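Take a look at the structure set out below.
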Amino acid sequence: MPRAATLAPTTGTPGRPARAGRRRLPPAAALGIAVALLAVVAIASLAIGARQIPFDVVVQAFTSPVAGDADHVVVRDLRLPRAVIGIMAGAALGVVAALLQGSTRNPLADPGLLGINAGASLAVVVAIAFLGIASPFGFIWFAFGGAAVAAAIVYAIGSSGGAGASPAKLALTGAALTAAATPLITLLLISDEGTLSQYRFWSVGSLAGRGIDTVVVLWPFLLLGLLLAGWLAGRLNLLALGDDVARGLGVRLATTRVVTAVAVIVLAGTATSLAGPIALLGLAVAHAARGLVGGDYRWLTPLAGVLGAIVLLAADVIGRVVVAPAELEAGIVAAIVGAPVLIALVRRGKGASL
Amino acid sequence: MSAAPVTAPAPAGGSIDAVARRVGAARVRRRRRVAGVVVAISLVALAAATASLLLGAAGLGLGDVVAALVGQGSPKAEFVILRLRLPRVLAAIIAGTALGLGGALFQTTLRNPLASPDILGVTGGASLAAVGSMLLLGLDGPAVSVAAFAGALVVAALMWGLAWRDGLTGIRFVLVGIGLASIVSGLLGWLITRADVREASEALVWMVGGIGSVGWPELATAGGALAVLLVLTAFFSPRMPLIALSDDSARSLGLDATRARLVAIVLGVALVAVATALAGPIAFVALVAAPIARALVGNGQAALAASALVGAAIVLVADLVAQHAFTGVAVPVGIVTGLIGAPYLLWLIARGNRKGSDG
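Protein sequence lines, in the order shown, are assigned to chains X and E.
For the first sequence, this note's numbering gives the first residue as -17, with consecutive numbering after it.
For the second sequence, this note's numbering gives the first residue as 10, with consecutive numbering after it.
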């Protein structure tokens, strides 16, 4: 059960000082197991659904596809794009959350909670409704722009004043920004019932109904974001020691901040373009990764990405099974999994910093 | 207060009588100010309600409207006024009053201007239960209101249980509430994606709040419930000053505010549920009404009544804007209140920052 495996570490460590005493897996082993799990979940997502397809038929669909075979069509044209989108969006969300938590030293950092996804959504809807831009390659730039504006607003408001940017302030500002974007989005959609009908699915984080062309357009952006994240990971370890120490150890703070901002905007914009505004998934998997491998961002960041992909894909599969033959959108399952993590963090009083 | 310059030049050895007179005079001035504010807000609400009755595609004059209201109008005028416009105005008044008062009770009890039922997910809980009871159980009428109340109460109880730790910290409440709100909105979104596509615009009402399609039976239910809750709140309001104390000050006075707080929250939940069952989660009214009221009349019991009035005035004005400012489309009132309320919320957080507090 991939869901239980990713949740256990966060819910299973009630006290903070457990860090020293608990035995951990070697980081490479944790990452390896996670990747293996991801493969299992990916195959499950190809096989499980309203139409159950045996494993060997799934394999056949790729090795020797028969044109016109219904099972093969379902696997190749419906479930494969969906699985790929789930993996891409989940990985992007997990990595963004890890980057945000590291760069702001904020345990409540999550692109959904901070309103960045909402900004991207608003911009995408504006592009579709006003400018008639329908192709992913057109509106991805709007997603980036919206994410950038939202991130700038959250940071400006959250860190204004002497006390600096406390996690609670940033989270509140993000909630306010999400609340500000929602009526605007609704207003733009209201005149067009067809768009509204589509949007209500997109807004709950559905992986369905998006073709492989979206993937083809967006994968370079995901790759760029992941490369930047890889460059940042070691520097985030030094930043965790405090700005002054990091500067003393040769980290160029301004450069690091700019690169972080670019990576966050690219990844959050890509994830939102792929799967809609999915909140709290990143928060949950980044903390799960921290619980599994500790605070080393060189391991934490990739693991958060893999866990994000597992959880989003598993959420999609679970959503197909629990209310079959209907479906529960992945974003909803993710929120139901992620919100308890947020509440547990708040209860533990992890208000201050990482 | 303007009392300071008046008292400053008075001789220090002034008799007790003189002091008492001055205090009395200040009290009278304050009462007059409160009365003036109440009259002014009521006039705004009345003007918006009148405009709502008068404006529209039917082209009715003031005479037609008055005639229709007293039952002497043409059949067409009576239909437009009694079936379409008057229910809308009454729904705005009922929902606005309930949200304004409910928000004031929440914010006072949790001592945090951000702790409004819409941010905390309480409104969402009511909305979710109302939609669920209609779509899944096929309920209608008063049963939906009861379900909305139950849903709001469950969210509030969860929040209370999860955020309580040796007392109430406003900020912990707010963050736990944001978490609950995201679960609730996810489930609500799911219910709405299940609904029939033709009902999409009705579903929209349950996402943002709207008062376009309210009928007389719903109004009667909501109006009755609101009347009961207003009386209960009036009986309870003398205890509000106790609630506004911090835990420490209350304890040092030998008082326990917990029970009074629970009563205040339950009343607030019930008010929010009434409004939500009637009109959906109209955004931000509960958040903005009480701070506006406090700015106008100061803290204290008068602020509760003023919050209710301000809430009603906001929804009336916002609905007027929603109906007539956007050409060609009927916009749910919740979109207009959201467009006003969200920037206010951001400003509230930014201002809290400058003071160096967490709100």
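C-beta: ideal position from N, C-alpha, C; glycine also.
Computed from a predicted structure; not experimentally measured.
Exercise. Of the residues X:VAL233, X:ILE122, X:GLY287, which one's Cα is nearest the Cα of X:LEU209?
Worked result: X:GLY287
For this session: Give a yes or no on contact between the segment 106 to 117 of chain X and the segment 259 to 272 of chain X, applying the rule of three or more CB pairs nearer than 8 Å.
Result: no
Problem set entry | With 16 other Cβ atoms within 10 Å as the buried cut-off, status of E:ILE180 | buried
Problem set entry | X:LEU159 to E:ALA359 span [Cα, whole Å] | 12 Å
For this session: Would you give the residue range spanned by the alpha helix (DSSP H) that X:ARG33 belongs to?
Result: Run containing X:ARG33: none; DSSP gives neither H nor E here.
Exercise. Would the segment 280 to 296 of chain X and the segment 128 to 142 of chain X be scored as touching if the rule is three or more Cβ pairs under 8 Å?
Worked result: no
For this session: Please go through the same chain and pick out, in chain order, the residues whose beta-carbon is closer than 7 Å to the beta-carbon of X:SER130, but skip the five residues on each side of it.
Result: The sequence shown places Ala at residue 130 of chain X, rather than the Ser named in the question. Correct list, in chain order: ILE247.
For this session: Report buried or exposed for E:LEU145, applying the criterion of at least 16 other Cβ atoms within 10 angstroms of its Cβ.
Result: Label assigned to E:LEU145: exposed.
Problem set entry | Any C-beta of chain E under 9 Å from that of X:ALA24 | No, X:ALA24 does not count as interfacial toward chain E.
Exercise. Residues of chain E with a CB under 7 Å from the CB of X:THR362: which are they?
Worked result: Outside the shown range of chain X (-17 to 336) lies residue 362 of chain X, about which nothing can therefore be said.
Exercise. Residues of chain X with CB under 7 Å from E:ILE187, in chain order?
Worked result: ALA153, ALA157
Exercise. From X:ILE325 to E:MET143, what distance separates their C-alpha atoms?
Worked result: Each residue's alpha carbon lies about 30 Å from the other.
Exercise. Could you give the distance in angstroms between the alpha-carbon of E:SER316 and the alpha-carbon of E:VAL131?
Worked result: Taking the straight line joining both Cα atoms gives about 19 Å.
Problem set entry | DSSP three-state assignment for E:GLU227, whether helix, strand or coil | helix
Problem set entry | Interface positions of the segment 81 to 92 of chain X facing chain E (Cβ-Cβ less than 9 Å), listed along the chain | LEU90
Problem set entry | Rounded Cβ spacing between E:ALA312 and E:ALA302 (contact assumed at less than 8 Å) | 5 Å
For this session: Give the secondary structure of E:GLY112 by DSSP, where H, G and I count as helix, E and B as strand, and everything else as coil.
Result: helix
Problem set entry | Neighbour-count burial assignment, X:GLY320, 16 or more Cβ in a 10 Å radius | So X:GLY320 counts as buried.
Problem set entry | Proximal chain X residues relative to E:ILE180, where beta-carbon distance stays under 7 Å | By Cβ distance, chain X contributes ALA150.
Problem set entry | Range covered by the alpha helix (DSSP H) that runs through E:LEU63 | 25 to 63
Exercise. How would you call X:THR242, buried or exposed, if buried means at least 16 neighbouring beta carbons within 10 angstroms?
Worked result: Flag for X:THR242 reads buried.
Exercise. Which chain X residues sit within Cβ distance under 8 Å of E:PRO352?
Worked result: ALA162
For this session: Go ahead and label E:ASP2 buried or exposed: buried means 16 or more other beta carbons lie within 10 angstroms of its beta carbon, across all protein chains shown.
Result: The requested residue 2 of chain E does not occur in the structure, where chain E is confined to residues 10 to 368.
For this session: Quick one: residues in its chain with C-beta nearer than 6 Å to the C-beta of E:PRO250, no 5 flanking neighbours on either side, listed in chain order?
Result: none
Exercise. What does E:TRP169 touch in chain X if you count any residue whose Cβ is under 8 Å from its own?
Worked result: Those within 8 Å of E:TRP169 in chain X number zero; the least Cβ separation is about 13 Å.
Exercise. Would DSSP call X:GLN42 helix, strand or coil?
Worked result: If DSSP states are grouped into helix, strand and coil, X:GLN42 belongs with the helices.
Problem set entry | Interface partners of X:ALA317 on chain E, CB under 7 Å | SER191, ILE192, GLY195
Exercise. Taking one C-beta from the segment 116 to 130 of chain E and one from the segment 277 to 297 of chain E each time, how about it: are there three or more such pairs within less than 8 Å?
Worked result: yes
Problem set entry | Whole-number beta carbon distance between X:GLY216 and X:ARG272, since they are thought to touch under 8 Å | Not a contact, Cβ separation roughly 17 Å.
Exercise. Going by the CB atoms, is the gap between E:VAL217 and E:ILE291 shorter than 9 Å?
Worked result: Yes, they are a contact pair.
Problem set entry | Three-state secondary structure (DSSP) of E:VAL98 | helix
Problem set entry | Own chain partners of X:PHE121 with C-beta closer than 6 Å, once the 5 adjacent residues on each side are dropped | VAL106, ALA109, ILE115
Problem set entry | Near-chain E residues of the segment 240 to 257 of chain X (beta-carbon distance less than 7 Å), N- to C-terminal order | Taking 7 Å as the cut-off between beta carbons, none of the residues of the segment 240 to 257 of chain X comes near chain E.
Exercise. What does a CB cutoff of less than 8 Å around X:ASP225 pick up in its chain, not counting 5 residues either side in sequence?
Worked result: LEU235
Exercise. Is the Cβ of X:ILE110 closer than 9 Å to any Cβ of chain E?
Worked result: no
Exercise. Which residues, taken in chain order from the segment 260 to 280 of chain X, show a beta carbon closer than 7 Å to some beta carbon of chain E?
Worked result: ALA261, LEU262
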